[in-house]
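Comments concern the structure below.
Number of protein chains: 6
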Amino acid sequence: MATFGLIDYDAASPEVRAIYDDIMATRHTDWINNFWKALAHDPVHLQRTWDSLKAVMAPGALDPLTKELIYVAVSVTNGCAYCIASHTVAARQAGMSAAMFAELMAVVGMANTTNRLAHGYQVAIDDRFRTPAPAVGNHGEPPVAAGGRKAAQTRAAASVKRATASGAAPPAAGQATRRRRR
Amino acid sequence: MATFGLIDYDAASPEVRAIYDDIMATRHTDWINNFWKALAHDPVHLQRTWDSLKAVMAPGALDPLTKELIYVAVSVTNGCAYCIASHTVAARQAGMSAAMFAELMAVVGMANTTNRLAHGYQVAIDDRFRTPAPAVGNHGEPPVAAGGRKAAQTRAAASVKRATASGAAPPAAGQATRRRRR
Amino acid sequence: MATFGLIDYDAASPEVRAIYDDIMATRHTDWINNFWKALAHDPVHLQRTWDSLKAVMAPGALDPLTKELIYVAVSVTNGCAYCIASHTVAARQAGMSAAMFAELMAVVGMANTTNRLAHGYQVAIDDRFRTPAPAVGNHGEPPVAAGGRKAAQTRAAASVKRATASGAAPPAAGQATRRRRR
Amino acid sequence: MATFGLIDYDAASPEVRAIYDDIMATRHTDWINNFWKALAHDPVHLQRTWDSLKAVMAPGALDPLTKELIYVAVSVTNGCAYCIASHTVAARQAGMSAAMFAELMAVVGMANTTNRLAHGYQVAIDDRFRTPAPAVGNHGEPPVAAGGRKAAQTRAAASVKRATASGAAPPAAGQATRRRRR
Amino acid sequence: MATFGLIDYDAASPEVRAIYDDIMATRHTDWINNFWKALAHDPVHLQRTWDSLKAVMAPGALDPLTKELIYVAVSVTNGCAYCIASHTVAARQAGMSAAMFAELMAVVGMANTTNRLAHGYQVAIDDRFRTPAPAVGNHGEPPVAAGGRKAAQTRAAASVKRATASGAAPPAAGQATRRRRR
Amino acid sequence: MATFGLIDYDAASPEVRAIYDDIMATRHTDWINNFWKALAHDPVHLQRTWDSLKAVMAPGALDPLTKELIYVAVSVTNGCAYCIASHTVAARQAGMSAAMFAELMAVVGMANTTNRLAHGYQVAIDDRFRTPAPAVGNHGEPPVAAGGRKAAQTRAAASVKRATASGAAPPAAGQATRRRRR
């Protein structure tokens, strides 16, 4: 069911069929899910939405699996049943294991709790968290403005730093300089 | 500022100091951010929250960077200024580059749009998205119940499948068997 | 289904029937939808809710169609399936065309994205956006406090200025005075 | 303040300056607000976001004022301080009077209440609200797919039906045929 | 600061002063907080909002402290800084202790987590949770429709059952009849 | 239905059965609802979630009924159908009457409205609401840090102050000292 009904491939206009074809080709599949069939009543919006989604979800500095995990995290937080169902399948196709899903849910649940605790306790933001990040990021890679999209740093390279990080709030920039506890 | 004020290390009780010490040791840092100082009025809740966070954010089937990206995605969706500030710093410490942040924001923005479009167009969930996933996941790894936490599959292994996935709704299980378009 | 069941007209108390009658008379219809039947277990709350809704949705400075579009926008953002279904029908009865619905969805989707980008990029509010608006509005109409409800300015009059506005962030007050770009 | 700082016009790359110029030209203004300066670190995302916003907010079946009112309604529901501030100014520039703003807030407040009441009372959706709308809308205008964007129906034409509509849930399609109350 | 500025008592119209006086009298205080001063530009909306709030928060089947705790819980979940600040003070005036606040935050945090887990794991609602509650409630008190407001059952009476309840999902109606585990 | 299916008692591993047994024993019931069966694929997360929920919902400074009312308020605000269904039953088991439920819904609806009005009118927080609360609370009870959990103050004691409080924004600390209206 959908507000203005669903437009199947056979009933679609040539311009809509062209979009459907691109969706199926991009996803290496042979069917169109209801989301697109519902939007098809407005080919202009359908085209804009698909073009943006295709560009946003394409491999870049973040791989498709990571992007799908983020998509599920947002959909779960918003309580969107349709998107949770579709992107959970998408994430699994992208390589999400049962163990990864379980951890994803644990992180999403944890974040939804601490988000409210921070609000509820009216916690002021620490000055150390207000420092703007250098435009070039913190790995010396070229700024995104300079075509960072193409120069995708490898996850491996990034992994070097990762080992040292865990827990909710991180050591802030300049933490290296020892300081008396207060 | 915080509802019941902030409890600094020097003013903290021995049990609270022990938690502060564990937080700093776990994060390889020498300071405690306001979030914990605000919760410290209730050591029991402080302990439970920190223990859960420490366990949830520890490396497992998902690496710390991926977990921080998910944490930021949820915090941004909920509009929690404190958590956005603290976890953006945490994500950068875990290896998030400027390019990764830009793509994270793009995915979060996209998901927040399609979540609403799916609601607004009252799109029914496709039957193919309703199929429950096999308990063992889709990589043949042992179920989480059987200690999957320890047997963390490598990202590399997962990456093999990733290349084929992109776009919002994925090919559903069993897509391999060709089917006439409808 | 509803938490305490639904109270149909025939089973309703005289006071509830009186409210049902007013709802049907106000809407020029001959049935009561489930929302009111579910609230009917508490006639006091039912009366207060209906009175407020009737007053809020009545034609005023904004016409019924515009109010229904706003109602749908909020319901979609909150993901309330019931309200999306009922108010989409209400909006269509008020004159919403398929083209208007498509644009409504596009704006709602866009706003949900930029809301998150503004949060995620931790964008500070521009000083120009902080200037309080003059109590009399910016069209010299009498303040609401002075019975503005009655003196509803025509959409036509308002339309004069509209043509010049588009895009997300508008020229701020005093934009007329040219200024060097910075 | 912003996560990666703000990029002013003078410090912007040629491609970013071109986008800034288009934003100012489209809005008939001479300044760029912080939102765009924060996104400028990722010209690709900046371009995509601006292009979508420009297209979505352009006059169509809905006028700019109505679109800004919807934008404010969504931003208020999401609690996005930045977007509330910027789009309230945008709405006023588009013709929103103090009376319109007051009614906008009343509708947004009302919708946020009934959204929760519908959830809380676990109200099932009435069958009459499930009927999909005809693809051609309910005014006999050509479907959006057939270039409805261009053939923007006049508000005046739509207004004819509006006078009869008010209240939350509307008479459903086919209400004309009288029916015994049940 | 507020969109149309704040209207102080001395600058208020007679009708607005009358509302201010009722607010201060009802609250046994001598000042008006910004929320009301911001709404005062629309006396009609101000009156409706205050009348509803006054009626809703008055002692009834739930005492003022319980109502304030609920108000804070909702405000924290929505991330409304203003309402969190004002209602936390209101709750404390109504008798909320530091221990009660800590437990309130813990429950709010927990609910925000399980809400997402239920969404994320796509958990179907158990049939036992779908049974509508008897209109007369489960204490044999007269239905609200029959003036239950006046016949407010005492907390003491309600407390009898409370001792046996704890944990998230309760034994469903008819649990008494033993059943084989499945 | 659930993402990875539901694990019934008979099919559960010994460690999962032990958790199921504790859930049933704690709740004095003989069945396990779907929520836990869906989480059971990850015994570690299941254990952590149940342990936290059990501790958070146990009687303390707030009684089980009050905690369930708060749980429903959050679930309704988040629009979580599963949690609304399960915790409404839980609240009724804990003693919630039809009248209490009606008032709960009224407060939740009211809070969701004023939360948006405060955002929409961009109301600045009054200085009086910013004063941090004394760590020992406002009843002279020992701070939570000093084992307040055990020394649960009686509701009766708290009730003394309650009678004087109602309405949204409370008299602020120090209101006693009379002040000229401004």
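Residue numbers (our numbering), protein chains in the order written: chain A, 1 to 182; chain B, 1001 to 1182; chain C, 2001 to 2182; chain D, 3001 to 3182; chain E, 4001 to 4182; chain F, 5001 to 5182.
Glycine is no exception: its CB is placed at the ideal position from the N, C-alpha and C atoms.
No experiment lies behind these values; they were computed from the predicted model shown.
Looking at chain B, is there any beta carbon in it that lies within less than 8 Å of the beta carbon of residue i?
i: residue 16 of chain A; result: no
i: residue 13 of chain A; result: no
i: residue 3127 of chain D; result: no
i: residue 3003 of chain D; result: yes
i: residue 122 of chain A; result: yes
i: residue 3042 of chain D; result: yes
Tell me, please, whether the CB atom of residue i is closer than 8 Å to any CB atom in chain A?
i: residue 2035 of chain C; result: no
i: residue 1046 of chain B; result: no
i: residue 4958 of chain F; result: Lying outside 5001 to 5182, the shown extent of chain F, residue 4958 of chain F is not represented and no answer is given.
i: residue 4119 of chain E; result: yes
i: residue 4221 of chain E; result: With chain E represented from 4001 up to 4182, any question about residue 4221 of chain E goes unanswered, as that position is not in the structure.
i: residue 2088 of chain C; result: yes
Going by DSSP in three states, residue i sits in which element: helix, strand or coil?
i: residue 130 of chain A; result: coil
i: residue 1101 of chain B; result: helix
i: residue 1003 of chain B; result: coil
i: residue 3093 of chain D; result: helix
i: residue 4038 of chain E; result: helix
i: residue 4123 of chain E; result: coil
i: residue 5029 of chain F; result: coil
i: residue 5058 of chain F; result: coil
i: residue 5083 of chain F; result: helix
i: residue 1012 of chain B; result: coil
i: residue 2063 of chain C; result: coil
Between residue i and chain C, is the shortest Cβ-Cβ distance under 8 Å, so that the two count as touching?
i: residue 78 of chain A; result: yes
i: residue 3081 of chain D; result: yes
If we cut at 8 Å on Cβ distances, does residue i have a partner in chain F?
i: residue 106 of chain A; result: yes
i: residue 98 of chain A; result: yes
i: residue 4019 of chain E; result: no
With C-beta atoms as the reference, is residue i less than 8 Å away from residue j?
i: residue 5106 of chain F; j: residue 4074 of chain E; result: no
i: residue 4003 of chain E; j: residue 3077 of chain D; result: no
i: residue 23 of chain A; j: residue 9 of chain A; result: no
i: residue 5125 of chain F; j: residue 4081 of chain E; result: yes
i: residue 1102 of chain B; j: residue 3042 of chain D; result: yes
i: residue 1052 of chain B; j: residue 5048 of chain F; result: yes
i: residue 4079 of chain E; j: residue 119 of chain A; result: yes
i: residue 3035 of chain D; j: residue 3097 of chain D; result: no
i: residue 4062 of chain E; j: residue 5100 of chain F; result: yes
i: residue 70 of chain A; j: residue 1069 of chain B; result: yes
i: residue 2112 of chain C; j: residue 1029 of chain B; result: no
Find the residues of chain G that neighbour residue i, judging by a C-beta separation of less than 7 Å, and give them in chain order.
i: residue 5116 of chain F; result: Judged by its chain identifiers, the structure shown contains no chain G, and its protein chains are A, B, C, D, E and F.
Counting only C-beta atoms, is residue i closer than 8 Å to chain D at any point?
i: residue 1102 of chain B; result: yes
i: residue 55 of chain A; result: yes
i: residue 5084 of chain F; result: yes
Please confirm if residue i has its CB atom under 8 Å from at least one CB of chain E.
i: residue 3073 of chain D; result: no
i: residue 2052 of chain C; result: yes
i: residue 1008 of chain B; result: no
i: residue 66 of chain A; result: no
If I measure Cβ to Cβ from residue i and keep anything under 7 Å in the same chain, skipping five residues before and after, which residues do I get?
i: residue 5012 of chain F; result: 5020, 5040
i: residue 4054 of chain E; result: 4026
By Cβ distance, which residues of its chain are closer than 6 Å to residue i, with the 5 residues on each side in sequence left out?
i: residue 4095 of chain E; result: 4065
i: residue 1056 of chain B; result: none
i: residue 37 of chain A; result: 6, 7
If you drop the 5 nearest sequence neighbours on each side, which residues of the same chain put their C-beta closer than 8 Å to that of residue i?
i: residue 4084 of chain E; result: 4072, 4075, 4076
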